[in-house]
Amino acid sequence: MAQPSSCAQSSNGVADESPNMLVYRKMEDTIARMQDEKSGIPIRTVKSFLSKIPSVFSGSDIVQWMQKNLNIEDQVEALHLGTLMAAHGYFFPISDHVLMLKDDGTFYRFQTPYFWPSNSVYLCKRTMQNKARLELADYEAESLARLQRAFARKWEFIFMQAEAQAKVDKKRDKIERKILDSQERAFWDVHRPVPGCVNTTEADIKKSSRMKQPHKTRKVITHTHTHTFTGFPQICACLLFQIQHWQAQLDRHRLKMSKVAESLLSFSEQYIEYDPFFTTPEPSNPWISDDVTSWDLEASKEAGQQRVKRWGFGFDEVLKDPVGREQFLKFLESEFSSENLRFWLAVQELKKRPIREVPSRVQEIWDEFLAPGAPSAINVDSRSYDKTTQNIKDPGRYAFQDAQVCVFLRTGPRLSLVSPKVFSLMEWHYCQLYYKIYKL
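When you read off a place in the sequence shown, starting at 1, and then add 2, the result is the number in my numbering.
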């Protein structure tokens with residue numbers, strides 16, 4: 003805050019073409035029209051209780067001018083545009099640090115071009131003037147202390163600059179000094195706004211990088227027709243390059259690392275109680291301890307609570323567990339729909355068969371589950387049935403892939419209406435898995 007702002011031009015005199023400057027030029031053109039003596043906003047001196055307020059206009063004057071001269075029909079849109087221009091410091095309220103346009107009688111003043119964003123030892127100068135309206139706010143006092151520590155070696159020079167500017171200000175006319183004080187205050191309200199307000203002068207790092215180093219940005223491949231003759235080999239090479247480029251784009255994954263990390267953390271938290279490195283298993287590992295309870299449970303094929311809870315993670319967990327498959331098959335038999343699971347298991351077993359046994363096994367599965375009049379017919383959609391009918395003409399391990407997916411993805415809409423409090427834990431997970439494979 004003790005250092006001057008960057009000027010509109012660089013040291014070599016070339017105009018700055020940063021993204022912010024493009025916006026500033028458009029706004030400055032509009033401000034110039036607002037300040038026109040004939041068609042601009044009328045500027046007046048308003049009499050207050052014991053003083054005069056020079057060179058001001060009201061917020062409603064700005065809104066009306068914008069609607070009239072900028073072809074803006076919506077009052078809210080004009081108010082929004084005016085607020086953006088105020089946030090960039092082109093005009094400011096004379097009695098408030100918050101740079102915001104209000105459609106009322108609040109008085110505003112145009113900023114002098116010297117303090118425009120495209121073009122100040124300010125706090126020190128404020129401390130030299132014994133006036134209540136120029137006292138430092140808390141955040142300004144903190145900034146002054148921080149700057150004094152940062153520029154400790156140059157602070158004497160900075161203070162001398164502030165003294166020199168203060169002496170020059172005292173020689174000015176009272177009204178001129180009052181206007182200049184408010185304009186300088188508004189300048190720093192833009193460049194060092196009140197905490198909680200948006201700083202509109204911050205440059206977007208990505209945009210600035212693209213402007214300064216355009217060769218590093220991603221190039222979009224476009225090909226236009228030219229009048230020059232191009233041979234057939236060149237056309238083929240160009241098309242081949244395009245194919246390789248778009249193929250590489252298709253192969254790229256579109257997952258954000260934050261989403262990948264979130265999924266990995268969620269998976270780890272879900273399975274941490276089943277990881278013996280983090281959680282001591284119950285019963286304990288018989289190879290480490292002398293407790294053989296784990297083997298006894300495996301032999302009895304009883305499903306413990308922790309095991310059933312893991313089945314609830316997904317259908318895959320049940321199908322990977324031999325006890326889960328057996329228990330779930332019993333449950334489906336009681337619901338007279340075990341053919342779905344038996345078909346799914348038969349297709350999975352088919353994929354592991356030796357190639358010489360595949361054709362005969364494909365025919366057996368077809369006769370049992372999908373052929374007309376099959377003893378254990380399953381219900382699949384017509385598209386999957388037609389595709390499977392074509393596949394068995396050339397039997398392979400994946401001849402029933404479409405029918406298997408159709409059975410696996412079928413879910414029941416009434417499952418979400420059933421409360422787990424009605425059933426025991428095991429029955430609840432059985433019910434979940436049942437509707438995963440068979441639609442009521």
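Note that CB positions come from ideal geometry on N, CA and C, so glycine has one too. For clarity, every value in this text was computed on a predicted model and none was experimentally measured.
Euclidean distance between Cα positions of residue i and residue j
i           : j           : result
residue 46  : residue 55  : 9 Å
residue 172 : residue 115 : 22 Å
residue 141 : residue 196 : 8 Å
residue 402 : residue 365 : 11 Å
residue 167 : residue 260 : 52 Å
residue 348 : residue 359 : 13 Å
residue 198 : residue 143 : 17 Å
residue 50  : residue 188 : 21 Å
residue 43  : residue 81  : 15 Å
residue 286 : residue 301 : 16 Å
residue 392 : residue 240 : 40 Å
residue 296 : residue 305 : 12 Å
residue 273 : residue 407 : 26 Å
residue 268 : residue 350 : 29 Å
residue 69  : residue 91  : 21 Å
residue 148 : residue 158 : 15 Å
residue 384 : residue 327 : 28 Å
residue 32  : residue 177 : 27 Å
residue 344 : residue 331 : 8 Å
residue 174 : residue 182 : 10 Å
residue 246 : residue 266 : 32 Å
residue 377 : residue 322 : 27 Å
residue 371 : residue 354 : 19 Å
residue 237 : residue 257 : 35 Å
residue 75  : residue 53  : 37 Å
residue 472 : residue 169 : Past the boundaries of the shown model lies residue 472; the chain is included only from 3 to 442, so the question cannot be answered.
residue 253 : residue 242 : 16 Å
residue 329 : residue 244 : 55 Å
residue 84  : residue 164 : 33 Å
residue 288 : residue 280 : 18 Å
residue 22  : residue 162 : 33 Å
residue 30  : residue 234 : 54 Å
residue 388 : residue 382 : 10 Å
residue 25  : residue 277 : 58 Å
residue 394 : residue 283 : 46 Å
Endpoints, the beta strand (DSSP E) within which residue i is located
i           : result
residue 56  : 54 to 60
residue 95  : 93 to 95
residue 110 : 109 to 112
Beta-carbon gap between residue i and residue j smaller than 9 Å
i           : j           : result
residue 87  : residue 95  : no
residue 99  : residue 191 : yes
residue 112 : residue 97  : no
residue 62  : residue 107 : yes
residue 409 : residue 368 : no
residue 386 : residue 373 : no
residue 202 : residue 89  : yes
residue 352 : residue 312 : no
residue 341 : residue 379 : yes
residue 145 : residue 194 : yes
residue 105 : residue 65  : yes
residue 308 : residue 271 : no
residue 397 : residue 361 : yes
residue 41  : residue 71  : yes
Continuous alpha helix (DSSP H) stretch holding residue i: start and end
i           : result
residue 261 : 259 to 273
residue 349 : 340 to 352
residue 334 : 324 to 336
residue 247 : 234 to 253
residue 79  : 77 to 89
residue 2   : The structure shown has nothing for residue 2, since the chain only spans 3 to 442.
residue 361 : 360 to 367
residue 389 : 384 to 393
residue 299 : 295 to 302
Residues bridged to residue i [DSSP beta-bridge criterion]
i          : result
residue 49 : 54
What are the complete beta strand (DSSP E) segments, minimum 3 residues, inside the region 23 to 49?
46 to 49
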